[in-house]
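So the structure is just underneath, and the comments pick up after that.
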Amino acid sequence: GFPIASPGDFEAVSQIAARFGDRTTICALARSREDDIARAKAALVSAEKRRIHVFLATSAIHREFKLKMDKQQIIERAVSSVKLAKEFCDDIEFSPEDAVRTELDFLCEVVEKAIDAGATTVNIPDTVGYATPSHYYKVISHLKQNVPNISKAIISAHCHDDLGMAVANSLSAMEAGARQIECTINGLGERAGNAALEEIVMAIRTRSDYYGVHTKINTQRLYPTSHLVSTITGMKVQRNKAIVGQNAFSHEAGIHQHGILQERSTYEIMRPEDVGYIGQNLVLGKHSGRHAFRDRVLALGFSPDEQALQKAFDDFIALADKKKEIYDSDIIALVENRLADAVDRWKLISFHTSAGSSAIPTATLELQCEDQPVLCDAAIGDGPIDAVFKAMERIVELSARLEEFEVRSLSEGKDAQGEVRVMINVNGLQYQGKGVSTDIIAAAAHAYLKALNKADLDRRGATDASTARLTPKV
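In the numbering used here, the protein residues as written are 4 to 477.
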């Protein structure tokens, strides 16, 4: 996280540090500025294992147009910021932003000075996704060969996907000697995104014969985690996405299907279960008890608290009354929605719609904001879903423009749950939401309210959108 970017970022890093800082290293990002570093320190104060990651642009174009600094000033600023961060903790990461477009001799000099100042990890960002695998390999190799003290630090790769090569570049850096790769679930990130964690992890695991390294990541959590992140962020995982896409383990060609039936390894280099992939497995029915439901939820990779589990089970019972067959995909949707709902301020209590070929579509809704009294309002619209959206906006007091609306079925049959994804625009900023229900209007209502909750969060200042734009392009 980037604590100085916004109050929301600071609070997120602080809570993660307090909750998990005794088990794993918690890192806070900071520009090479005293106020940034001070804010990072404050966010990490409760973590036993902590790291500060300071960054400073080094390329000629950044020096001239953004920083207005010469090479010597860059070196002095880098050294002073690393030393300042070092006063708080021993684990310091330094990034020369836009390293790939930095002159190699100057990059070596900056990295050497940063290590001398106390950096224990040196991150080499391809900030604008400009590198190719062979180019990035040469950059990392050059540092290995020409920085005298490089053995005192871990080399890290940080690649953006503007040209679609973030994963390939990251693996190339690892071949050249990098031993840390910065990546994200589903490749989420600025612009075209960052290197996808699930792809890198499975490449290392599947081709261990070639790379000769390993991670300690539980790969069976990749698929569930990917789809949980998708639910929370509203960013859909494309069907043909490697490792975690819906089609990742599908075989449609007849010759492939024949081979798979005879021997899976003919066309599968990974097993679906290796990444926790869940197909359309029929597992539970309306007579299944809470214990069986809990066991299945845990088997699917979730660890909800008792309150979230009970709410998900209540949803399951309600779904079982409407839907004859319950699949793993249904259970995943129920649990993910409950986990995502935990952070929402506005909750949907009830809604009623009326529409017909000769009637004016209307919607009446009840929403509750935290522990406040339930609020009710009604609206008319161009169809029942539009009426629901307008009534929500009246209650939440936000005006939004719907930019995307997508519906898909989660399983087979006429009684299948429908998943609705929306994207709205509020004051020039985009927010996404997802909802699931056997009633498509209900699914749309939950999706729209999810998006409005995110916009409301920005409005209240918990995550100030204007300062959040300080988030760096490392």
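Glycine residues also receive a C-beta, built at the ideal position from the N, C-alpha and C atoms. Please read these numbers as outputs of a predicted model, since none were measured by experiment.
Using a 10 angstroms sphere on the CB of I329, the tally of other CB atoms reaches 16 or more, which defines it as buried. For I143, the secondary structure class from DSSP, reduced to helix, strand or coil, is helix.
Relative to D380, the option among L455, R404, S353 and A362 whose CA is nearest is S353. Excluding the 5 residues flanking it on each side, A88 has same chain C-beta neighbours closer than 6 Å at I40, I55, V57 and I95, in chain order.
Just measuring C-alpha positions, the residue of A33, A120 and A45 sitting nearest E100 is A33.
For Q435, the uninterrupted beta strand (DSSP E) run begins and ends at L432 to S440, by DSSP. Under DSSP, M426 shares a beta bridge with E407 and Q435. Rounded to whole angstroms, the separation of the alpha carbons of V300 and S306 is 8 Å. R53 is bridged by DSSP to I29. Listed in chain order, the beta strand (DSSP E) elements of length 3 or more contained wholly in the stretch 85 to 127 are 95 to 100. Contact between V391 and L368 holds, since their C-beta atoms are separated by about 7 Å, short of 8 Å. Residue environment for F68: exposed (fewer than 16 other C-beta atoms within 10 angstroms of its C-beta). Under DSSP, E185 takes part in a beta bridge, and its partners are H161. Burial state of S84 is buried, judged by a 10 Å Cβ sphere holding 16 or more other Cβ atoms. In summary, L432 is exposed, with fewer than 16 beta-carbon neighbours lying within 10 Å of its beta-carbon over all protein chains present. The beta carbon of G196 sits closer than 6 Å to the beta carbons of D164 and G190 from its chain, once the five residues preceding and following it are set aside; these are given in chain order.
DSSP places H449 in the uninterrupted alpha helix (DSSP H) bounded by I443 to R463. Shown here for K86: same chain residues with a beta carbon closer than 7 Å to its own, the five before and five after excluded, namely A120 and G121 in chain order. For G11 against A31, the beta-carbon gap comes to about 14 Å, at or over 8 Å, which does not count as contact. For the pair of segments examined, the stretch 354 to 365 was found not to touch the stretch 332 to 344: the number of CB pairs separated by less than 8 Å stays below three.
A direct Cα-to-Cα measurement between I118 and I19 gives close to 28 Å. Around the beta carbon of Y139, 16 or more other beta carbons lie within 10 angstroms, which makes this residue buried. The Cβ atoms of V240 and I188 do not sit closer than 7 Å to each other. A403 is classed as buried because its beta carbon has at least 16 other beta carbons within 10 Å across all chains shown. Boundaries for P275: no alpha helix (DSSP H) harbours it, and the DSSP string shows neither H nor E there. Using a C-beta cut-off of 8 Å, the stretch 371 to 387 makes no contact with the stretch 406 to 418, since fewer than three inter-stretch Cβ pairs fall below that distance. Within the same chain, and ignoring the five residues on either side of C162 in sequence, the residues whose Cβ sits closer than 6 Å to its Cβ are D129, A169, N172, S173 and A198. Where H355 is concerned, the enclosing beta strand (DSSP E) starts and stops at W349 to G359. Counting along the chain, no alpha helix (DSSP H) covers I153, and no H or E run does either.
The beta-bridge partner set that DSSP reports for I383 consists of T365. Cα atoms of K116 and I29: separation of roughly 25 Å, rounded to the nearest angstrom. If the five residues before and after M205 are omitted, its C-beta is found closer than 7 Å to the C-beta atoms of T222, I246, M273 and V278, all from its own chain and listed in chain order.
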